[in-house]
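*Asks:*
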Amino acid sequence: MTDAPVSEVLYEVSDHIATITLDAPQRMNTISSSMLGELSARLLEADRDREVRCIVLTGAGRAFCAGLDLAAQSTGPKGSLGGMGALDSNPGEFDLRDAPPVVLHNLDTPTICAVNGGAAGYGFDIALGCDIRVAAETAKLAPGFAKRGILPESGGTWLLPRIVGYAKAAEITFTGRTLLAPEALELGLVNHVVTADDLQKFARNLAADIAANAPLAVRAIKRMMRAAETETFEQNVHHVFLQLLPLFRTADFQEGVAAFIEKRDPNFTGR
Numbered sequence: 246m247t248d249a250p251v252s253e254v255l256y257e258v259s260d261h262i263a264t265i266t267l268d269a270p271q272r273m274n275t276i277s278s279s280m281l282g283e284l285s286a287r288l289l290e291a292d293r294d295r296e297v298r299c300i301v302l303t304g305a306g307r308a309f310c311a312g313l314d315l316a317a318q319s320t321g322p323k324g325s326l327g328g329m330g331a332l333d334s335n336p337g338e339f340d341l342r343d344a345p346p347v348v349l350h351n352l353d354t355p356t357i358c359a360v361n362g363g364a365a366g367y368g369f370d371i372a373l374g375c376d377i378r379v380a381a382e383t384a385k386l387a388p389g390f391a392k393r394g395i396l397p398e399s400g401g402t403w404l405l406p407r408i409v410g411y412a413k414a415a416e417i418t419f420t421g422r423t424l425l426a427p428e429a430l431e432l433g434l435v436n437h438v439v440t441a442d443d444l445q446k447f448a449r450n451l452a453a454d455i456a457a458n459a460p461l462a463v464r465a466i467k468r469m470m471r472a473a474e475t476e477t478f479e480q481n482v483h484h485v486f487l488q489l490l491p492l493f494r495t496a497d498f499q500e501g502v503a504a505f506i507e508k509r510d511p512n513f514t515g516r
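Everything in the sequence shown is counted per the working numbering, starting at 246 for the first residue and increasing by one.
(1) Using 8 Å as the threshold, is the stretch 450 to 464 in touch with the stretch 266 to 281, meaning 3 or more CB pairs across them?
(2) Specify the secondary structure class of G366 as computed by DSSP and reduced to three states.
(3) I need the DSSP call for G374, collapsed to helix, strand or coil.
(4) Residues in the same chain with beta-carbon distance under 8 Å from G337, minus the five sequence neighbours each way, listed in chain order, please.
(5) Between S252 and D260, what straight-line distance do the alpha-carbon atoms span, to the nearest angstrom?
(6) Helix, strand or coil, according to DSSP, for E257 in the structure here?
(7) For A291 and A426, I'd like the C-alpha separation in whole angstroms.
(8) Using CA atoms only, rank isn't needed, just tell me which of L430, C358, G433, P346 is closest to G401.
(9) Check whether the Cβ atoms of F309 and G366 lie closer than 8 Å to each other.
(10) Kindly indicate which three-state DSSP category K385 falls into: helix, strand or coil?
(11) May I ask you to list the residues that DSSP assigns as paired with V439?
(12) Does G368 pass the burial test, meaning 16 or more other C-beta atoms within 10 Å, or should it be called exposed?
(13) Could you tell me the alpha carbon to alpha carbon distance between V254 and C358, rounded to whole angstroms?
(14) Drop a sphere of 10 angstroms on the beta-carbon of K385, count the other beta-carbons inside from all chains shown, and report buried for 16 or more, exposed for fewer.
(15) Using beta-carbon positions only, say whether V301 and I276 come within less than 8 Å of one another.
(16) Quick one, which of V379, A414, A472 has its alpha-carbon nearest A452's?
(17) Alpha carbon to alpha carbon, how far is L405 from Q480?
(18) Would you list, in sequence order, the uninterrupted alpha helix (DSSP H) runs of no fewer than 4 residues that lie entirely inside the stretch 470 to 515?
(19) Should V502 be labelled buried (16 or more other beta-carbon atoms within 10 Å of its own) or exposed?
(20) Roughly how many angstroms separate the alpha carbons of F486 and G515, rounded to a whole number?
(21) Below 8 Å between beta carbons: does that hold for L432 and K446?
(22) Since E382 and A286 should fall inside the 8 Å C-beta cutoff, what is the C-beta to C-beta distance between them, to a whole number of angstroms?
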C-alpha cells in the first residue's frame, strides 16, 4: 500500500474567508504539474462554496512563488514545461482553461494575493491574476521572462498593461528587471505594502471587510467589472441593469436597506 502524496497546496476556510497557501517552501513554492491542478481545483472549490466570500492566496516560507518548477521541466521532453503549460510538446493534452491564472480571472469570488516574498515568472502572473495584491515590504516581483528566452504565457501580457498602463508594462516586461515592493506600490502593481510580520493579518482584515458585505452583490460587481473589459459603456450599463434586477429580490437587499434605516451593521446571508 502506497502513501498518498503530500499536498503542496493548503486549503482552509474560516469566517467566510478561504486561505489557499502554496506549501513547497523548500523550493520557494515553484509550481509543479500536480500543484497546478490542485491550485485550480482549490480555487474552483472556494468559488463554489456559498460560505466563502473572499479568497486569500499566499505562500509558505520566504517566497510567494518563484515560478515554474524547473526540476519538473527538466524531466519532460525537450522544449516542454513538463506538462505544465501552453509550451508543452503535446499541447492538446493541456487545456488552458484549467490553468490557475485563467481560473483566477473567471472566478466571481474576490481574490487577494498576500505576496509574502519573491513572485517570479509564473508566480508573478498568478499574483497579477488576483483582484487585490498586498505585499510584504521585503517582497520582490520579478517578471524575468525575457531573460529566460520566453514570454508570459499565463496572462501577464493581458493583465499587466491593464494594471499599470502600456508604457510601464512595456518597460517592466522588456527589461525583465526585478521590482521591489515600494516601487511596485508606486506603479500600482500592489495595493498595499506592510511589514512581513503584519502581512497575513492585514490581508485577512481586508478580506474580512469584503466578506462583511452582501456576497451576491460583490460577486455581481466583480462580474460586471470583468465584462467591462470587452463592452462599450452603453453595453455595460445595460448589463449592470440586468444584474441589478435579481438583486432587488434578495434577502440581502432587504437586510441592507433595513440596516441602513436602523443605523446598524447588516447581517448578510448570501440569499
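Glycine is no exception: its CB is placed at the ideal position from the N, C-alpha and C atoms.
*Replies:* The structure says:
(1) no
(2) coil
(3) helix
(4) Here the model assigns G337 a pLDDT of 44, short of 50, so the residue's position is not dependable, and the following value carries that caveat. Answer for G337: no residue qualifies.
(5) 23 Å
(6) strand
(7) 28 Å
(8) P346
(9) no
(10) strand
(11) A381
(12) buried
(13) 15 Å
(14) buried
(15) no
(16) V379
(17) 24 Å
(18) 478 to 492, 496 to 507
(19) exposed
(20) 20 Å
(21) no
(22) That belief does not hold up - the Cβ atoms of E382 and A286 are roughly 32 Å apart, past 8 Å.
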